[in-house]
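Okay, so here's the structure we're looking at.
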Amino acid sequence: MAPGRKGRIARRTAVIVAVVALSLWMEIAGFQATPVEDRPEVSYTTLHAIVPLVFAACAGVAWRISPTRVPPRLMVAFVVLWIPQSIYYVIGGIDWLWPIVRGVDLWWAVIAGILVMVYPKGYLGDRFDRWIAGIALVASLVNLLGVVLLAGPQDVGCDCVSPNPYQVADAPALFSLIDNGYRVVGGALALVIAARLLVRWVRASVPARTVAFLMPLALFVWAVTLAAQVVTYATASTADTVLATVSLIAMASIPVSFDAGVAHARNMRARVADLMRITREGADRGLWAESLARTLRDASVRVYWWDEERGRYADAAGTPIEPADANPRGSHSILPVASPLGAPIALIRHDRVLTDNMRLLDGVSSALRLSVDNGRLRSEIERTLEQVRQSRQRIVEAGVEARRRIERDLHDGAQQHLVSLGMRLRLAANTARDTDEVQLATELEGTITMLNMALRELRELAHGIHPSLLSSGGLALAVPELAGRCPVPVEVDVQAEGRLPELIESTAYFVLAEALANVAKHSGASRAWVRAHVVDDELQLVVRDNGAGGASLEAGTGMLGIGDRVDAVGGTLELESPPGAGTTLTMRIPLGAPLEP
Amino acid sequence: MDDARPLRVAIADDALLLREGIAKVLEGGGIDVVASVGTGDELLEVVRGGGIDAAVLDIRMPPTYRDEGITALEAMRAEGSTIGVLLLSMYATPEYALRVMQAGSGTGYLLKERVSEPQTLVRAVETVASGGSVVDPEVVEQLVKRTRADDPLSRLTERERSVLELMAQGYSNGGIAQTLFLGLKTVETHVRSILQKLDLEESPEHHRRVLAVLTLLGER
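Respectively, the protein sequence lines represent chains A and B.
Using the working numbering, you'd call the opening residue of the first sequence number 1 and step up by one each time.
Using the working numbering, you'd call the opening residue of the second sequence number 598 and step up by one each time.
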């Protein structure tokens, strides 16, 4: 969606430019409107002006990398709400505006707190965080209402504002209570969030700690300075410049640490993705364990694989797991990985701190499960396929052998007997003729004729079952003979040095027989060509005709049977049959024993 | 061939039943069966012993049951024996018939079932013993039936085709004349015409003519 994406980027850029312009205007206009004797130091003002700029820049980055759109929006809101106190010199005369601004001029702190809480997922993860956010929002609304309805010109730091048109009562005590109470509640919440973040950080895994330390630190520093400010504000109504400076720097570091942390997490996910990729490529176990250690940034990671035969866990080298490792205490934890059906796959021994990073470990165990399942499935399929191949070849071989045996049984048995029977009948007929038993002789001669017809049929049958010429002469003799039987004139070209393996000869013979039968039956061709060449390590058979074409491998059992036979000896079949342009059937049969068990 | 003395023949077939039957048929035709064996190698021994005019042998015999009979024939010819050799086969295989003819004169190839036609068998033995050639009519029939594009046989007349088939079976001009009830001169005219039309050379040796005709039929 290039246009949509472009539009989005343009829109976001416009928003950032707008809020930055507003922020700069507030700082500059406020500074200029402030009487010279009341102006804060330029360096402080500059620093104060830089904070929203940092937020705006981080919003741009967060829009690209943050898991949700909440953090960048919060950052943008922060820029707008970062209102300098000097602004009242500018808007003090606008009586409908200044009370509202006065009511929201601390909301940036609420925004910052929520931003910290949505780290790193981009939304409020648990109920506790949502409660805190809720309390902060309610307090802010109450404060806004209180300020708008109760604030008087004396409640603004300068002596420059007109009366508050919304003021319903002049109650300085109540206003002070609300104003200070809001700051106290805010400071307390900030401390709670900071403490919570600190605890989480201390318990976090090594990799998470290394980058994300800035965030809780910044928040903590800010919360402490805020608390200090609250105290000084409540007591003296003036802020300490040093404290304020530290507070500003801490505030500016919050969005930076947010972006850095998210970027790091993305990087981590990318490494889990790498692990998945290695898994998919079927890397060996040693390499996998290495990749895992790299992914987790934990060199002490050990992977112990379940050994089904021995009923124990062992590492990639086959060394069984130490009992101490199986039930570790102290610095390490064990992550058992099992298949969806509960069969054990492996144990991963890792640094205990990683336990907190459950998403990462989940990813790791998924990758491992996938790897093992893949491997298991693959080997199972390969094994089954190999079995099927072998049994198919055995069946085909048995079929060839059976055909040969039947032909030989016919040749040595029934045919032999019928031939000698014919001979005996002839002798009997001759005797009958010699003794002038003409009727008997005629009868016997008729029987001999019938017998010879039967013999002829039997001969054709036996030949069809297994041509004896193939056994003795191979393809070089049998194929021309076969072609000679085809009603369509066939040009034969056989180049096969010596004899080929019996299974291959008989396969070739019978596929050629079927192909020629197809030519005779379906093609309507007037000419056909048969080529049988041994090229390198394969027998290439080509049957071509000048018939109607349009044959397909699916239609009719003829092609299917040819395909099956060729398949069974590991060969390939190619059919080229454009309508009206003849048919070319090319078969390639490997000569080497391709299916050695 | 010495008319005073009956032909002396050796038989080789692994089927005892047929061996005995063939012997009976031949003896009924006035032929002396002097040896009866079960393999080609044994027959070779007998032939080497001498005193044999012709051999009748099965093509498929132990040990491989493939083409032992033809191999034995080729061995005999290689050893210089010129006795008549008649091969019997359960199948009419033109490729085998050609191989038999290629072994030289005095050879024949017949279907086994011809044993129920004593005269055919006896005449075939006599023919090969006297240096003639015999090819089973079914072999010729198969060859003639083979379909070929641009068939040279289409140039022959019906009568010439009949003559050609008999030529391929090994009949002499006289035999052809007798079989077709034609005059010898007429047959000779037909033969000349056939050879000319098929672009074949007249050969002084009878079996060469058979071989040439068979080869033509097989290769056309």
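Every residue, glycine too, gets a C-beta built ideally from N, C-alpha and C.
A quick note: this is a predicted structure, and the numbers were derived from the prediction, not measured.
Boundaries of the alpha helix (DSSP H) around B/Ala774: 770-777. In the displayed model, A/Ala260 falls within a helix according to three-state DSSP. In this structure, B/Ile656 lies away from B/Ser702, with their beta-carbon atoms at least 8 Å apart.
Separation of A/Arg269 and A/Glu382 (C-alpha to C-alpha, rounded to the nearest whole angstrom) is 33 Å.
With its beta carbon at least 8 Å from every one in chain A, B/Tyr706 lies outside the interface. Judged by their CB atoms, A/Glu407 and A/Ser472 are not nearer to each other than the 8 Å cut-off. A/His332 counts as buried, since at least 16 other C-beta atoms from the protein chains shown sit within 10 angstroms of its C-beta. Where A/Glu538 is concerned, the enclosing beta strand (DSSP E) starts and stops at 538-545. By the neighbour-count criterion, in which a residue is buried when 16 or more other Cβ atoms sit within 10 angstroms of its Cβ, A/Gln387 is exposed.
When 8 Å is used as the limit between beta carbons, A/Ile504 is near no residue of chain B, the shortest such separation being about 18 Å.
Between A/Leu444 and B/Glu710, the C-beta gap is not smaller than 8 Å, which leaves the two residues out of contact. Excluding sequence positions up to five before and after B/Arg674, its CB lies within less than 7 Å of the CB of Ala700, Gly701, all in the same chain and listed in chain order. The beta-carbon of A/Asn452 is placed less than 8 Å from the nearest beta-carbon of chain B. Excluding residues up to 5 positions away in sequence, Ala299, Val301 lie with their Cβ nearer than 6 Å to the Cβ of A/Ala293 in the same chain. Assigned with DSSP and collapsed to three states, B/Gly647 falls in coil, not helix or strand. Within the region 105-184 of chain A, complete alpha helix (DSSP H) segments of at least 4 residues are found at 107-117, 127-150, given in chain order. Note on A/Asn267: under 16 other CB atoms within 10 angstroms of its CB, so exposed under the neighbour-count rule. Between B/Ile680 and B/Ile649, the C-beta spacing is below 8 Å. Annotation: the continuous alpha helix (DSSP H) that includes A/Ser291 extends over 285-296. In the DSSP annotation of this structure, the continuous segment of the beta strand (DSSP E) that includes A/Ala532 starts and ends at 528-535. Taken in chain order, the members of the region 674-688 of chain B whose beta-carbon sits within less than 7 Å of a beta-carbon on chain A are Met687, Tyr688. C-alpha of B/Glu738 to C-alpha of A/Glu380: approximately 58 Å in a straight line. Burial state of A/Ser140 is buried, judged by a 10 Å Cβ sphere holding 16 or more other Cβ atoms.
Look at the region 393-425 of chain A: the residues with a C-beta under 9 Å from a C-beta of chain B are Arg408, Leu410, His411, Asp412, Gln415, Gln416, His417, Leu418, Val419, Ser420, Leu421, Gly422, Met423, Arg424, Leu425. B/Glu735 sits away from B/Leu777, with the two beta carbons spaced by 8 Å or more. Around B/Arg663, the beta-carbon contacts reaching into chain A at under 9 Å are Ser468, Ser471, Ser472, Gly473. Residues are counted here when their Cβ sits less than 9 Å from a Cβ of chain B; for the region 479-493 of chain A these are Pro480, Glu481, Ala483, Gly484, Arg485, Cys486, Pro487, Val488, Pro489, Val490, Glu491, given in chain order. By the C-beta density criterion, A/Pro35 is exposed, having fewer than 16 other C-beta atoms within 10 angstroms. Contact of B/Val712 with chain A by beta-carbon distance below 8 Å involves Val419, Ser420, Gly422, Met423, Arg426. Between A/Arg200 and the set A/Phe220, A/Gly186, A/Val185, A/Gly187, the nearest pair of CA atoms involves A/Phe220.
If you draw a straight line from the Cα of A/Val231 to the Cα of A/Val19, it comes to about 31 Å. The straight-line gap separating the alpha-carbon atoms of A/Ser176 and A/Ala133 is approximately 23 Å.
DSSP places A/Trp63 within a helical segment (H, G or I) once states are collapsed to three.
Between the C-alpha atoms of A/Val543 and A/Ala508 there is a straight-line separation of about 11 Å. In chain order, Met658, Pro659 place their CB closer than 6 Å to the CB of B/Thr636, counting only its own chain and leaving out the 5 sequence neighbours on each side. A/Leu74 and A/Ala250 have their alpha carbons spaced roughly 17 Å apart.
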